[in-house]
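*Asks:* Can you read through this structure? Questions will come right after.
Protein chains: 2
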Amino acid sequence: MRTVRLDLAYRGTGFRGFAANEGVRTVAGDLASALEQITGEAPALVVAGRTDAGVHATAQVVSFRIGGEGLRRITDGTPQDTGLDRLASSLNRRVNPDIAITAAALADDDFDARRSATARAYEYRARNAAHPDPRFADLEWHVRDRLDLDLMNAAARHFVGEHDFRSFCRRPKDRPGASLVRTVTRAQWHADGALLLFDIEANAFCHQMVRAVVGHCVAVGRGDRSAKNVPAVLAARDRHAAAPIAPPHGLTLVAVRYTDA
Amino acid sequence: MRTVRLDLAYRGTGFRGFAANEGVRTVAGDLASALEQITGEAPALVVAGRTDAGVHATAQVVSFRIGGEGLRRITDGTPQDTGLDRLASSLNRRVNPDIAITAAALADDDFDARRSATARAYEYRARNAAHPDPRFADLEWHVRDRLDLDLMNAAARHFVGEHDFRSFCRRPKDRPGASLVRTVTRAQWHADGALLLFDIEANAFCHQMVRAVVGHCVAVGRGDRSAKNVPAVLAARDRHAAAPIAPPHGLTLVAVRYTDA
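What follows is the structure, given as structure tokens:
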């Protein structure tokens, strides 16, 4: 058995999220189906960042274990090499253009796309203008009310550091007692014309955390909430203490970091 | 009778171009249908820049003439005002989100979206990277071969000025003898990471001119054509002298200028 690492990008618009889900189109579903055509097997896929419906990725990472005939089919002719360029091309020919496999390689045996990741980064795109740009309607949250970028950055700074993000997360149903303490290493807005971009990095994110943080920053930028109140909202450890969450379609997973990759 | 000016943006992906065309979805078709629901009439639409299938716009301009009951319905309650904000909102409620009407107003009687325009500007987006970004698959031409931006700008500079663009245009079928002399006032590439943006402005463009110019610049950037040969290609007045045209989906109409607006 060997461990394979895939790097991929996708436009989330046409998917009901990453995770396989019977009867609906998902990234994992399309990927598993292409992998099965190539390897004759359907290995369990481990993903670095499970994205929700409508959320995009430019640098998602997936790992799986494979042996025997399936492994022979993807490594045949490249026994020494750890790059599996032929697998990447074969997958790209079998998936729709809303998924792009950017790399495929053999990884260390103990590599696990989720557990081995030491940091993730997301980007959120909001358009602050009277009208949306229809070209980017599936990629940007259109906010009509004038936003104050300085206030949004004043709010964002309070999220940096180790915090219990209970006020900014959806409680995991399957593990209600799980820790929601996360360490944010970067949280910053910048403007590119009418497009406001939020860049956030953390060791890990709990469910809907970026969208909740963005929703709160936008409420601050609009004047509905105060930036200096963010620490109190964090301390409340109550989801109702935070502003409404931002819609999914503005969000993109842009990086996953590993210590040894 | 009064003249109405509409400003609009659209994502061209779902349309078979701007111009109304029986049996296929077009921007003019959707717009005319929404206008008819509101005014009870189907006025002839004049457009500043007829865009092809897959081409986008952030600042398209349309004009039409309307009188009687139809005019009353859109101006009712705003007799003095030249802004027709209510018409813009009504249209936006009736069109899909891939069209956004950004302004509606009464214009001078002799205003004609096409004839009154003194300049148009287009943007072309090309992604120069090993892999496409699936988020922007319908908005960017993905070019894998390494492009030299300086060479592309050396080529672009030759297009500035008054030239006969016969080598860079599709000959108009209905007016085979029409002049293809156009004056380009700006033609420049710049890079934003892997995204290469081309900005071109002219008094007017002939059919497929921007895509032909972009296709030629990219051939130069790739090393297939020489920048200093562009004047000879222009002088040839032969479409086969130029490199293949760029695909439509990277193109956006971004501005239309009027002397008095």
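So the sequences go chain by chain: A and B. Using this note's numbering, you'd call the opening residue of the first sequence number 16 and step up by one each time. Using this note's numbering, you'd call the opening residue of the second sequence number 16 and step up by one each time. Even glycine gets a Cβ: it sits at the ideal position worked out from N, Cα and C. Since the structure is predicted, the reported quantities are computational estimates derived from the model, not experimental observations.
Just to confirm before moving on: does the CB-CB distance between A/Val233 and A/Leu164 stay below 8 angstroms?
*Replies:* As a working mapping, residue 233 of chain A is identified with position 218 in the first sequence. As a working mapping, residue 164 of chain A is identified with position 149 in the first sequence. No, Cβ-Cβ distance for A/Val233 and A/Leu164 is not below 8 angstroms.
*Asks:* Of all the options A/Thr54, A/Ile53, A/Gly32, A/Gly55, which has the alpha carbon lying nearest to the alpha carbon of A/Gly44?
*Replies:* Stepping through the first sequence from its first residue, residue 44 of chain A is reached at position 29. The shortest C-alpha separation from A/Gly44 is found at A/Gly32.
*Asks:* Under 8 angstroms Cβ-Cβ, which residues of chain B neighbour A/Pro112?
*Replies:* Your numbering for residue 112 of chain A matches position 97 in the first sequence. Going along chain B in sequence order, the residues near A/Pro112 (Cβ under 8 angstroms) are Pro147, Pro149, Ala152.
*Asks:* In or out: A/Val196 buried (at least 16 other Cβ within 10 Å) or exposed?
*Replies:* Translated into positions along the first sequence, residue 196 of chain A becomes position 181. Answer is exposed; the Cβ neighbour count stays below 16.
*Asks:* Taking B/Val39 as part of the alpha helix (DSSP H), name the residues at either end of that continuous run.
*Replies:* The count along the second sequence starts at 1 and reaches residue 39 of chain B at position 24. It is not in any alpha helix (DSSP H) - B/Val39 carries neither H nor E in the DSSP assignment.
*Asks:* Starting from the Cα of A/Phe1, find the closest Cα among A/Ala193, A/Pro187, A/Glu155 and give me that residue.
*Replies:* In the structure displayed, chain A extends from 16 to 276; residue 1 of chain A sits before or after that span and is not available.
*Asks:* Express the C-alpha separation of B/Thr117 and A/Val42 in angstroms, rounding to a whole number.
*Replies:* The residue given as residue 42 of chain A occupies position 27 in the first sequence. The residue given as residue 117 of chain B occupies position 102 in the second sequence. Distance between the alpha carbons of A/Val42 and B/Thr117 is about 35 angstroms.
*Asks:* With a threshold of 8 angstroms between beta carbons, is A/Arg135 in contact with chain B?
*Replies:* Here residue 135 of chain A corresponds to residue number 120 of the first sequence, with the count starting at 1. No, A/Arg135 does not count as interfacial toward chain B.
*Asks:* Could you tell me which chain B residues have their CB closer than 8 angstroms to the CB of A/His205, listed as they occur along the chain?
*Replies:* Here residue 205 of chain A refers to the residue found at position 190 when the first sequence is read from its first residue. Per Cβ cutoff of 8 angstroms: no residues; A/His205 is ~13 angstroms from chain B at best.
*Asks:* Quick check on B/His264 - is its C-beta less than 8 angstroms from some C-beta in chain A?
*Replies:* The sequence position of residue 264 of chain B within the second sequence is 249, counting from 1. No, its Cβ sits nowhere closer than 8 angstroms to a Cβ of chain A.
*Asks:* Three or more C-beta pairs under 8 angstroms: does that hold for the region 262–273 of chain A against the region 62–79 of chain A?
*Replies:* Result yes; three or more Cβ-Cβ pairs closer than 8 angstroms.
*Asks:* Near A/Asp127, which residues of its chain fall below 7 angstroms by C-beta distance, leaving aside the five closest residues on each side in sequence?
*Replies:* Counted from its first residue, the first sequence places residue 127 of chain A at position 112. Val61, Ser78.
*Asks:* Tell me the DSSP secondary structure of B/Ala276 in three-state form.
*Replies:* Looking up residue 276 of chain B in the second sequence gives position 261. Interpretation of B/Ala276 is limited by its pLDDT of 47, a score under 50 that renders its predicted location unreliable; the figure taken from the coordinates is listed afterwards. Three-state DSSP puts B/Ala276 in coil, outside helix and strand.
*Asks:* So which residues on chain A does B/Gly41 lean against when the C-beta distance must stay under 7 angstroms?
*Replies:* As a first step, residue 41 of chain B must be located in the second sequence, where it is residue number 26. According to the sequence shown, residue 41 of chain B is Thr rather than Gly. Residues of chain A passing the Cβ test: none, with the nearest at roughly 15 angstroms.
*Asks:* Is it the case that the region 48–55 of chain A contacts the region 141–151 of chain A, given that we only count it when at least three CB pairs across the two stretches are under 8 angstroms?
*Replies:* These segments do not touch.
*Asks:* Using alpha carbons as the reference points, say which of A/Leu102, A/Glu138, A/Asn36 lies closest to A/Leu121.
*Replies:* On the first sequence, position 106 is the one that residue 121 of chain A refers to. Closest by alpha carbon: A/Leu102.
*Asks:* Return helix, strand or coil for B/Thr198, following the three-state DSSP convention.
*Replies:* Indexing the second sequence from 1 puts residue 198 of chain B at position 183. Residue state, collapsed to three classes: strand.
*Asks:* Using only the alpha-carbon positions, how far apart do A/Asp67 and B/Thr198 sit?
*Replies:* For the purposes of this step, residue 67 of chain A is taken as residue 52 along the first sequence, with counting starting at 1. For the purposes of this step, residue 198 of chain B is taken as residue 183 along the second sequence, with counting starting at 1. So the two alpha carbons sit approximately 49 angstroms from each other.
*Asks:* Check whether chain B comes within 8 angstroms of A/Arg87, counting only Cβ atoms and requiring the distance to be less than that.
*Replies:* Reading the first sequence from its first residue, position 72 is the one you call residue 87 of chain A. Chain B, which has no Cβ nearer than 8 angstroms to the Cβ of A/Arg87, makes this no.
*Asks:* Just to confirm the assignment, what range does the beta strand (DSSP E) spanning A/Gly230 have?
*Replies:* Counting from one through the first sequence, the residue named residue 230 of chain A turns up at place 215. Note, A/Gly230: premise wrong, no beta strand (DSSP E); alpha helix (DSSP H) at 224–237.
*Asks:* If I measure Cβ to Cβ from A/Thr133 and keep anything under 8 angstroms in the same chain, skipping five residues before and after, which residues do I get?
*Replies:* For the purposes of this step, residue 133 of chain A is taken as residue 118 along the first sequence, with counting starting at 1. Closer than 8 angstroms at Cβ, skipping near neighbours: Asn218, Arg272, Tyr273, Thr274.
*Asks:* Have a look at A/Arg252, A/Arg181, A/Ala256, A/Val225 and flag the residue whose alpha-carbon is nearest the alpha-carbon of A/Arg240.
*Replies:* Position 225 of the first sequence, counting from 1, holds the residue named residue 240 of chain A. Considering only alpha carbons, the answer is A/Ala256.
*Asks:* Helix, strand or coil: which one does DSSP assign to A/Ile260?
*Replies:* Here the question's residue 260 of chain A lines up with position 245 in the first sequence. Coil, per DSSP.
*Asks:* Quick one: Cα of A/Thr251 to Cα of A/Arg40, how far?
*Replies:* Numbered from its first residue, the first sequence carries residue 251 of chain A at position 236. Numbered from its first residue, the first sequence carries residue 40 of chain A at position 25. The residue you asked about is not Thr; residue 251 of chain A is Ala in the sequence shown. Distance between the alpha carbons of A/Ala251 and A/Arg40: 37 angstroms.
*Asks:* Comparing the C-beta of A/Thr66 with each C-beta of chain B, is any distance below 8 angstroms?
*Replies:* Position 51 of the first sequence, counting from 1, holds the residue named residue 66 of chain A. Not an interface residue.
*Asks:* Residues of chain A with CB under 7 angstroms from B/His71, in chain order?
*Replies:* Indexing the second sequence from 1 puts residue 71 of chain B at position 56. In chain order: Arg150.
*Asks:* I think B/Ile89 touches B/Leu23, with their Cβ atoms under 8 angstroms apart; what is that distance to the nearest whole Å?
*Replies:* Start at 1 with the first residue of the second sequence, and residue 89 of chain B comes out as number 74. Start at 1 with the first residue of the second sequence, and residue 23 of chain B comes out as number 8. 16 angstroms between Cβ atoms; not a contact.
*Asks:* What number of angstroms, rounded off, separates the C-alpha of B/Ala276 from the C-alpha of B/Arg20?
*Replies:* Within the second sequence, the letter at position 261 stands for residue 276 of chain B. Within the second sequence, the letter at position 5 stands for residue 20 of chain B. Note that B/Ala276 has pLDDT 47, beneath the 50 cutoff, so the model's placement of it is unreliable and the number below is only indicative. Their Cα atoms are separated by approximately 11 angstroms.
*Asks:* I'd like to know whether the C-beta of A/Arg226 is nearer than 8 angstroms to at least one C-beta of chain B.
*Replies:* Within the first sequence, numbered from 1, the residue matching residue 226 of chain A stands at position 211. It does not; no Cβ of chain B falls within 8 angstroms.
*Asks:* Output needed for B/Asn143: all residues of its chain with C-beta closer than 6 angstroms, excluding positions within five of it in sequence on either side, in chain order.
*Replies:* Sequence index remark: in the second sequence, residue 143 of chain B carries index 128 (1-based). Contacts found: Val158, Leu162, Ala209, Leu211.
*Asks:* DSSP beta-bridge partners for A/Phe213?
*Replies:* For the purposes of this step, residue 213 of chain A is taken as the residue at position 198 of the first sequence. A/Tyr139, A/Trp204, per the DSSP bridge assignment.
*Asks:* Going by C-alpha distance, which of B/Ala119, B/Tyr137, B/Asn107 is nearest B/Gly265?
*Replies:* Position 250 of the second sequence holds residue 265 of chain B. Measuring from the Cα of B/Gly265, the nearest candidate turns out to be B/Tyr137.
*Asks:* Please determine, among A/Asp124, A/Thr18, A/Ser131, the residue with the shortest C-alpha to C-alpha distance to A/Leu86.
*Replies:* As a position in the first sequence, residue 86 of chain A is number 71, starting the count at 1. Considering only alpha carbons, the answer is A/Thr18.
*Asks:* Counting only Cβ pairs nearer than 9 angstroms, list the residues of chain A close to B/Ala24.
*Replies:* Residue 24 of chain B sits at position 9 when you count from the first residue of the second sequence. Correct list: His146, Pro147, Asp148, Pro149, Arg150.
*Asks:* Examine chain A for any beta-carbon lying closer than 8 angstroms to the beta-carbon of B/Ala115, and answer yes or no.
*Replies:* Within the second sequence, numbered from 1, the residue matching residue 115 of chain B stands at position 100. At least one chain A Cβ lies under 8 angstroms of B/Ala115.
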